[in-house]
Structures are given as C-alpha cells and as structure tokens.
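In this note's numbering, the protein residues as written are 112 to 371.
Here's the structure we're looking at; comments come further down.
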C-alpha cells in the first residue's frame, strides 16, 4: 500500500519542478475561479507607456526668407540654434525636439516658435499665430559671427530674459582681450574675469562691485537681477543684426546691442 503513495509523491514533485522551470505559476497565484496564468521567463514585461525621446535633428533647408500671410520673416539656422528676423526685431532661437521637421523656440520664451517643414513653416510670436509661412527664397546656411567679435565693444543691455529693461537705465558690459569683464549695472560699477572658448562662456563668480544704493527701488531690483544672472551665462550668440545674446543653461538670456 505504500508503493502507490510513493509514486504519487514522486510524480507531484516532478510536476512542481517542471512547472517552476517552465514559468507556470503555482496554484497559490491562481485567481479564484480562473485559470493558471503563464509567462515566458525569457521575455520580460515592458511598460506600454515607455517612450523614446529623439534628439533634435540637424535642420534641413530651414534657412530662408518666408512670407507668413503679409509678414515677411528671415530664418537662419546655425546647427541647433537659429536667428529669426521679423522687421527690425531679432529672436535668438534654440532647436527643440519635434516629431517632424525642425522646431525652434525663442530662448527663455517658449511662446515664440518657428517650426520649419521644408518649404513651409509655422510661426507663433508671443502666443500669436500667423498664417502658414511659405518659403520665398532659400538662403545658404551660415554660422553666426565669431564670438571673438564681442571683445572690446561697449555693450548696452536691452533685455533681461524677455522682460525688457527700465528706460535710460544704461547697463553696460565690456569684454577685454586680456580676459577681464566690467561695466555698470545701473547704479554700481562691477568687474571680474571671464573665459571664452568658441561659444562657451565662463564668467567668474568672484566679481567685485561698488555698493551704492539706487534712488529708485525698481532700479535696485533690476541691478540685482542683472548681477545675479550675469555669472550664470554659459553660451554666446552674435546675431546678424549685431545683437549679443548671452544664455544660461536653463534658457534665461541677457541681450545687448553695441553702444552708438
């Protein structure tokens, strides 16, 4: 009477071993009233929500003159940056990831967009949509001016991160060939050291400044914003209209024009 029981136990052990090696779940994992779920051990499960984010592609045929309804614009692509010119206003653009074409956003202001798709483009300026743009004349892709051209020029601040500046505040910046940077922040003068390698900029955080108080609180607040942002600028871009744009890693900008 013991032999059948031994055979039954042996069979049960073999069945359990086979079930584990083949990936079959035990009965303890079986839902009430359901069947035994199975899974293939060599095929791990993946989340259906997993997405692969593509890197920005090098723009193709983005540079050119465009007509967006009645508005004429010129866009010049420079690797993963761009220069958008509308009338007398220039916008420093940065390429962003897009499903198709070459999409650019204004540095520090994502409500201004130029999205090129061959000879057609989408234009949005500060949230305002323009009619579809048609390319009227392609232009040869060209680089922005060499960053070396920023030295020994007295630059006047025109914009702090797309918020403008107080009229007649006269904030200045100058880079010397010897690696010194200095200027006037509105009420106080400042100076320090900088390094420039191609378009990569490092401004020393140990700048010194005079400590006079501004008469107007708004001027004092603007000066403090400027002096806080300046050492954070990491990229340099010289636009076709002569503007100097300094960019932080998080997209904030300082924009200057040459004095005179």
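All C-beta atoms in this analysis are idealised placements derived from N, C-alpha and C, irrespective of residue type, glycine included.
Short of 6 Å from the beta carbon of residue 342, and not among the five residues preceding or following it, lie these beta carbons of its own chain, in chain order: 314, 316. Buried is the label assigned to residue 366, since at least 16 other Cβ atoms lie within 10 Å of its Cβ. For the pair residue 290 and residue 241, the CB atoms are not nearer than the 9 Å cut-off.
Per the C-alpha coordinates, the member of 272, 198, 229, 284 positioned closest to residue 360 is 272. Here residue 178 has 245, 247 as same chain residues with Cβ atoms under 6 Å from its own Cβ, once five neighbours each way along the sequence are excluded.
If the five residues before and after residue 331 are omitted, its C-beta is found closer than 6 Å to the C-beta atoms of 325, all from its own chain and listed in chain order. If you look at residue 223, you'll find it in the beta strand (DSSP E) that goes 220 to 228. Taking the Cα positions, residue 229 is about 10 Å away from residue 211. The beta-carbon separation of residue 285 and residue 292, rounded to 7 Å, stays under the 8 Å limit for a contact. For residue 301, the closest alpha carbon among the candidates 218, 205, 350, 338 is that of 338. Straight-line measurement puts the Cα of residue 197 at about 30 Å from the Cα of residue 329. Note that the C-beta distance between residue 348 and residue 355 is below 9 Å.
Residue 205 sits in a strand when the DSSP states are folded into three classes. Residue 333: member of the alpha helix (DSSP H) spanning 328 to 340, first to last residue. When the alpha-carbon of residue 200 is set against those of 351, 364, 265, 214, the nearest one is in 351. Straight-line spacing of the CA atoms in residue 206 and residue 268 works out to 25 Å.
Checking the DSSP bridge columns, you'll see residue 293 partnered with 285, 302. Excluding residues up to 5 positions away in sequence, 271 lie with their Cβ nearer than 7 Å to the Cβ of residue 336 in the same chain. It is roughly 15 Å from the alpha-carbon of residue 182 to the alpha-carbon of residue 237. As a beta-bridge residue in DSSP terms, residue 245 pairs with 178, 231. Judged by their CB atoms, residue 226 and residue 209 are nearer to each other than the 9 Å cut-off.
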